[in-house]
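In the working numbering, the protein residues as written are 1 to 358.
Glycine is no exception: its CB is placed at the ideal position from the N, C-alpha and C atoms.
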Ligand code: NAD
Ligand code: ZN
C-alpha cells in the first residue's frame, strides 16, 4: 500500500509547555487578519487559574465547547458563519481539549476557507482549499486526533471525518500536566481508544513495518500505563500523551478495523461517546482480536471499570439494524480487517450478532 501523508508541522512537548503557547502563536498573528479563536473544552469554564494561562490578546475570541455531544456538522457550520459575520476571517484557531475539541479546531479551520456546509466534505479528499492556521493542545490523551488527518463529525446522514492532508494540525502542544485532571473512567475509555488503534492497526492487511513500529511502541507504553503504573505516578501521563501521538501515526499509516466500525454505529445511532463505544464493542470481539480482548479484560478488571453490559436487551431490532447499516458502509475498515474479499466472511447477520452480544 502506498501512502504519502502529511505530518504535524511543529510539536512542542514537555511539562509546562502550555505556558509557551503565547510565544508559539505569535508568528501566526502577523497575517492580515489579526485575531485568533480559542476553542476550549467547557470543562475549563470558570477555572480562573487555567483561563489566565490562555494567551488571549485584545480582539481574540474565546469559545467554550460543550462536548456532551460529539462535534456535529451543524456546530461547525454555525460557528463558522457566526465568526465570519461578526469578526471576519481569523488568522487562526486553537483547540484546547480532548479529541472532540481538537476535531472542532481542525474542521473549522477548513470550513473557514471551503464554502457551503461541512456535510459536503465528509469523506476522503473532498476538501478543495487549505484551511487557516490550526493549533491543538490536548487535555486528554488517546484518540490520536492531535496527529491524525481526519476531523470526525457527526452529520445528519453519517459520522465521518473531513479527511485530507490539510486537516492535519499545523502545531501541537503536548503538555502532560494538562491531562492530570481527567476523571478515571474517561481516562480509561480514551486510553483504551489508543490501545484499540494499535491493535487494529497491526491486525489487518494494511499493516506494514512503518505503522507497526509506531503501534508496537505505543502498545508497550499503554501496557506500562494500564498494567504496571499507578495513575498518580507522574510517568503515567507522560507515557499516555506520547502513546496517543504514536498510536495516531500508526493508524494513519494503516487503518482501524472491526471495533471502530461497530463503535461508529453505537455513536451515530445511540450517541455513545467514541472511547466508551469502542470499549463496549471491543469487549465482545474475542473471535476477531483474541488475546488482545483478554488483555483488555484484565485491564478493565485492574482498574475496577464497570463497562455497561447487556445493553442490547434494551435495543429494538430497528435500532440494531440502523447500527448495522452505519457499520457496513465503512468498507475501508472491513477491507483492512478481512482482506479484499471481506464480503465473503462478513454479512449483516454477523455484524448484527456482534451488536447482540453487547
Ligand atoms: P472528549 O474530547 O469527548 O472529552 C471527554 C470528556 O473529558 C469530556 O467530558 C471533557 O470535558 C473531559 N475532559 C477533557 N479534558 C479534561 C481534563 N483535562 N480534565 C477533566 N476533564 C477533561 O474525549 P476524547 O475521547 O478525547 O475524544 C472523543 C472524540 O474524538 C470523539 O468525538 C471522536 O469521534 C473523536 N476522535 C477523533 C479522532 C481523529 O483522528 N480525529 C480519533 C478518535 C476519536
Ligand atoms: Zn478511535
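Under a three-way DSSP split, which group does residue i fall into?
| i | result |
| --- | --- |
| residue 167 | helix |
| residue 154 | strand |
| residue 132 | coil |
| residue 182 | coil |
| residue 113 | coil |
| residue 234 | helix |
| residue 275 | helix |
| residue 27 | helix |
| residue 190 | helix |
| residue 196 | helix |
| residue 345 | coil |
| residue 252 | helix |
| residue 227 | helix |
| residue 314 | helix |
| residue 281 | helix |
| residue 89 | coil |
| residue 108 | helix |
| residue 307 | coil |
| residue 100 | helix |
| residue 202 | helix |
| residue 239 | helix |
| residue 18 | helix |
| residue 118 | helix |
| residue 35 | coil |
| residue 141 | coil |
| residue 59 | coil |
Which residue marks the beginning of the beta strand (DSSP E) containing residue i, and which one marks its end?
| i | result |
| --- | --- |
| residue 302 | Counting along the chain, residue 302 falls outside any beta strand (DSSP E), though it belongs to the alpha helix (DSSP H) covering 286 to 302. |
| residue 14 | That residue, residue 14, is in no beta strand (DSSP E); it is neither H nor E in DSSP. |
| residue 97 | 92 to 97 |
Whose CA, out of the options, lies closest to the CA of residue i?
| i | options | result |
| --- | --- | --- |
| residue 40 | 135, 27 and 130 | 135 |
| residue 158 | 235, 347, 121 and 23 | 121 |
| residue 246 | 266, 137, 216 and 228 | 216 |
| residue 61 | 150, 89 and 296 | 89 |
| residue 17 | 105, 176 and 204 | 176 |
| residue 309 | 356, 49 and 36 | 356 |
| residue 51 | 35, 21, 114 and 75 | 21 |
| residue 297 | 333, 97 and 281 | 281 |
| residue 105 | 234, 349, 334 and 167 | 167 |
| residue 161 | 119, 188, 316 and 140 | 119 |
| residue 12 | 348, 173 and 353 | 173 |
| residue 237 | 15, 42, 4 and 253 | 15 |
| residue 144 | 347, 253 and 286 | 253 |
| residue 67 | 54, 80 and 45 | 45 |
| residue 350 | 258, 267, 305 and 295 | 258 |
| residue 273 | 69, 57, 55 and 58 | 69 |
| residue 169 | 353, 128, 8 and 230 | 8 |
| residue 77 | 251, 164 and 107 | 107 |
| residue 267 | 348, 319 and 305 | 319 |
| residue 360 | 43, 201, 227 and 353 | Look at the range of the chain in this structure, 1 to 358, and you will see that residue 360 is not part of it. |
| residue 231 | 249, 191, 200 and 219 | 191 |
| residue 288 | 300, 57, 165 and 200 | 200 |
| residue 165 | 179, 171, 347 and 127 | 127 |
| residue 228 | 299, 94 and 209 | 299 |
| residue 283 | 345, 306, 344 and 86 | 306 |
| residue 242 | 130, 147, 332 and 34 | 147 |
Can you check DSSP and say which residues form a bridge with residue i?
| i | result |
| --- | --- |
| residue 64 | 40 |
| residue 172 | 11 and 136 |
| residue 161 | 152 |
| residue 123 | 162 |
Taking the alpha helix (DSSP H) that residue i falls in, what are its first and last residues?
| i | result |
| --- | --- |
| residue 78 | 73 to 86 |
| residue 349 | 348 to 357 |
| residue 213 | 209 to 223 |
| residue 48 | 48 to 51 |
| residue 322 | 317 to 328 |
| residue 258 | 258 to 270 |
| residue 337 | 331 to 338 |
- Query: Is the number of C-beta pairs between the region 194 to 207 and the region 222 to 229 that are closer than 8 Å three or more?
  - Reply: yes
- Task: Check whether the region 15 to 29 touches the region 179 to 194, taking contact to mean three or more Cβ pairs, one atom from each stretch, closer than 8 Å.
- Result: In short, these stretches do not touch, since the Cβ pair count stays below three.
- Touching by the beta-carbon criterion (3+ pairs, under 8 Å), the region 261 to 275 and the region 305 to 324: Taking 8 Å as the limit for Cβ pairs, the verdict is that the region 305 to 324 does touch the region 261 to 275.
- Message: I want to know whether the region 109 to 117 touches the region 204 to 218 - three or more CB-CB distances under 8 Å.
- Response: no
- Message: With a threshold of 8 Å, are at least 3 pairs of Cβ atoms found where one atom belongs to the region 61 to 74 and the other to the region 151 to 170?
- Response: yes
- On the three-pair Cβ rule with 8 Å, is the region 196 to 210 touching the region 331 to 346? yes
- Message: For the region 125 to 139 against the region 88 to 102, do three or more pairs of beta-carbon atoms, one drawn from each stretch, fall closer than 8 Å, so that the two count as touching?
- Response: Taking one beta carbon from each stretch, the region 125 to 139 and the region 88 to 102 have 3 or more pairs nearer than 8 Å; the two touch.
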